[in-house]
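**Q** Residue numbers (our numbering): 6 to 434. The beta carbon of each residue, even a glycine, is placed where N, CA and C say it ideally should be. This is the structure, below, for whatever I ask next.
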């Protein structure tokens with residue numbers, strides 16, 4: 006079947022808007038400010054840890070026939086459901102969805118009004134999210150045809166202003182000792198890799214609904230849509246990181262992430278720019294929240310075997326997220342950091358190994374995922390000085406925040422050995 010360009014663009018813009026949420030606006034400028042002259046290196050690390058791995062996750066999903074359970078069940082049915090449920094709760098009502106509501110208040114309502122409670126913002130914002138999400142079939146077309154073009158144009162205007170007339174000089178030295186792990190951590194904070202495991206289901210289903218049912222056509226349609234989203238995000242992320250770098254001689258690390266981008270915008274475009282930014286942020290948060298509420302509700306409906314109604318779940322998601330969103334961006338980000346540092350390595354290991362569904366044994370995959378989880382836990386304990394664990398500093402990639410890979414590789418090797426011993430024993434019997 007011939008791939009239709011319009012269909013590809015609509016799905017690609019929908020994927021762009023799903024990935025581009027609250028964190029994607031506030032993290033790149035702050036990273037650029039911290040990195041200073043090394044802002045491009047920081048951007049590359051951020052981009053690869055965010056969208057690069059997210060696209061890998063989508064293709065892993067396609068490789069497994071669009072069935073996320075085929076990926077997670079490789080580590081065991083119950084452990085797989087536990088891991089996937091934790092992922093959905095992270096990208097859903099516990100962290101990502103509430104952060105969208107908090108961002109709208111801090112970046113649109115608070116700068117432009119006086120004394121409006123975040124409770125009011127949360128109620129109104131999630132009421133709109135509920136209305137857009139309740140009609141499940143319309144989600145992708147609403148995002149791809151209507152909301153994303155406004156979002157993209159608004160961001161491009163801001164970036165062009167920042168390139169034509171930078172707000173300041175880029176500092177001569179970075180504010181951090183190592184840009185690479187900070188860029189990767191910022192990529193983690195967006196949670197796009199975790200979200201891709203759920204977003205991918207919506208995208209694959211949308212491709213099928215548009216008539217691309219043959220495996221080759223489905224693969225090509227998703228590939229083209231992913232390329233559209235990846236290129237759009239490349240332009241926006243690079244521009245936002247550069248804007249932050251131009252503020253590196255003006256602000257320090259004590260400034261809030263949301264306040265940094267607001268200040269940059271006001272210097273570049275005045276009060277009108279702040280209003281435009283607020284609208285852009287609201288659109289970004291709205292598109293992401295719609296996608297996350299829809300995907301999370303679908304997941305728990307499937308997990309319950311259809312006993313939980315989709316519309317009821319969307320209401321529960323929106324109400325719970327509205328409550329958590331009142332904590333504010335900084336508290337939500339603080340909560341997210343250790344959780345994501347623990348969950349990401351296991352999820353990444355599982356995603357990468359799922360690209361080879363017929364070539365790796367379950368022993369290998371289970372041991373590798375377990376090893377990555379152990380390694381990430383030890384990194385967290387070491388990083389927060391709960392345990393000394395001095396041996397960790399001698400492991401390869403420790404300085405980049407990837408020492409957990411050593412544990413994943415050790416686990417995989419152990420799994421291969423166990424698998425071969427098991428096969429040899431079965432052959433002998």
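Are residue 229 and residue 369 close, meaning C-beta to C-beta below 7 Å?
**A** No, they are not a contact pair.
**Q** May I ask you to verify whether the stretch 336-351 touches the stretch 370-379, counting CB pairs closer than 8 Å and requiring at least 3?
**A** Yes, the stretch 336-351 touches the stretch 370-379.
**Q** Can you tell which of 19, 285 and 315 has the C-alpha that lies nearest to the C-alpha of residue 162?
**A** Checking every option, the nearest Cα to that of residue 162 belongs to 285.
**Q** Which residues in the same chain as residue 257 place their Cβ atom closer than 8 Å to its Cβ, once the five residues preceding and following it in sequence are excluded?
**A** Same-chain partners within the cutoff: 180.
**Q** Using a 10 Å radius around the Cβ and a threshold of 16 neighbouring Cβ atoms, would you call residue 79 buried or exposed?
**A** Classification of residue 79: buried, given that the 10 Å Cβ count is 16 or more.
**Q** Buried or exposed: residue 441, going by 16 or more other Cβ atoms within 10 Å of its Cβ?
**A** This structure cannot settle anything about residue 441, because the visible part of the chain is limited to 6 through 434.
**Q** May I have the straight-line CA-CA distance separating residue 420 from residue 42, to the nearest angstrom?
**A** In a straight line, the C-alpha of residue 420 is about 43 Å away from that of residue 42.
**Q** Which parts of the stretch 305-370 are runs of the alpha helix (DSSP H), unbroken and 4 residues or longer, counting only runs that do not cross its ends?
**A** Taking only runs of at least 4 residues, the alpha helix (DSSP H) segments lying wholly in the stretch 305-370 are 315-330 and 334-358.
**Q** Indicate whether the contact test is met: 3 or more Cβ pairs, each with one atom in the stretch 42-54 and one in the stretch 281-297, closer than 8 Å.
**A** Contact fails: fewer than three Cβ-Cβ distances are below 8 Å.
**Q** Quick one: what does DSSP say residue 39 is sitting in, helix, strand or coil?
**A** In this structure, residue 39 counts as helix in the three-state DSSP scheme.
**Q** Would the stretch 95-114 count as touching the stretch 329-345 if we require 3 or more Cβ pairs under 8 Å?
**A** These segments touch.
**Q** Which stretch, first to last residue, makes up the alpha helix (DSSP H) that contains residue 225?
**A** Note, residue 225: alpha helix (DSSP H), 220-250.
**Q** Helix, strand or coil: which one does DSSP assign to residue 171?
**A** Residue 171 falls in the coil class under three-state DSSP.
**Q** Taking contact to mean at least 3 C-beta pairs separated by less than 8 Å, is the stretch 326-341 in contact with the stretch 73-89?
**A** As far as the Cβ criterion goes, the stretch 326-341 does not touch the stretch 73-89, which means the pair count is below three.
**Q** From which residue to which residue does the alpha helix (DSSP H) around residue 90 run?
**A** That run of the alpha helix (DSSP H) goes 82-94.
**Q** Quick check: the stretch 81-89 against the stretch 231-241, are at least 3 beta-carbon pairs closer than 8 Å?
**A** Verdict: no, contact absent.
**Q** Out of 251, 61, 405 and 104, state which residue places its alpha-carbon closest to the alpha-carbon of residue 295.
**A** For residue 295, the nearest C-alpha among the options comes from 104.
**Q** If you reduce the DSSP assignment to three classes, tell me which class residue 254 lands in.
**A** Coil.
**Q** Starting from the Cα of residue 100, find the closest Cα among 322, 380 and 365 and give me that residue.
**A** Among 322, 380 and 365, the Cα nearest to that of residue 100 is on 322.
**Q** When you compare each of 17, 267 and 38 to residue 117 by their alpha carbons, which one comes out closest?
**A** Minimum Cα distance to residue 117 is reached at 267.
**Q** Would you tell me roughly how many angstroms separate the C-alpha atoms of residue 247 and residue 114, rounded to the nearest one?
**A** Computed Cα separation, rounded: 26 Å.
**Q** Take residue 422 as the anchor and find which of 393, 365, 406 and 20 has the nearest alpha-carbon.
**A** Taking only the C-alpha atoms, the option nearest residue 422 is 365.
**Q** Mind checking whether residue 172 and residue 107 have CB atoms under 7 Å apart?
**A** Their beta carbons are not under 7 Å apart, which means residue 172 does not touch residue 107 by this criterion.
**Q** Inspect the beta-carbon positions of residue 47 and residue 36 and report whether they are closer than 7 Å.
**A** For residue 47 and residue 36, yes; Cβs fall inside 7 Å.
**Q** Whole angstroms are fine: how far does the CA of residue 338 sit from the CA of residue 174?
**A** Approximately 29 Å between the Cα atoms of the pair.
**Q** May I ask which residues mark the beginning and end of the alpha helix (DSSP H) holding residue 396?
**A** Neither: residue 396 is in no alpha helix (DSSP H) and is coded neither H nor E.
**Q** From residue 70 to residue 20, what distance separates their C-alpha atoms?
**A** Between residue 70 and residue 20, the C-alpha separation is close to 19 Å.
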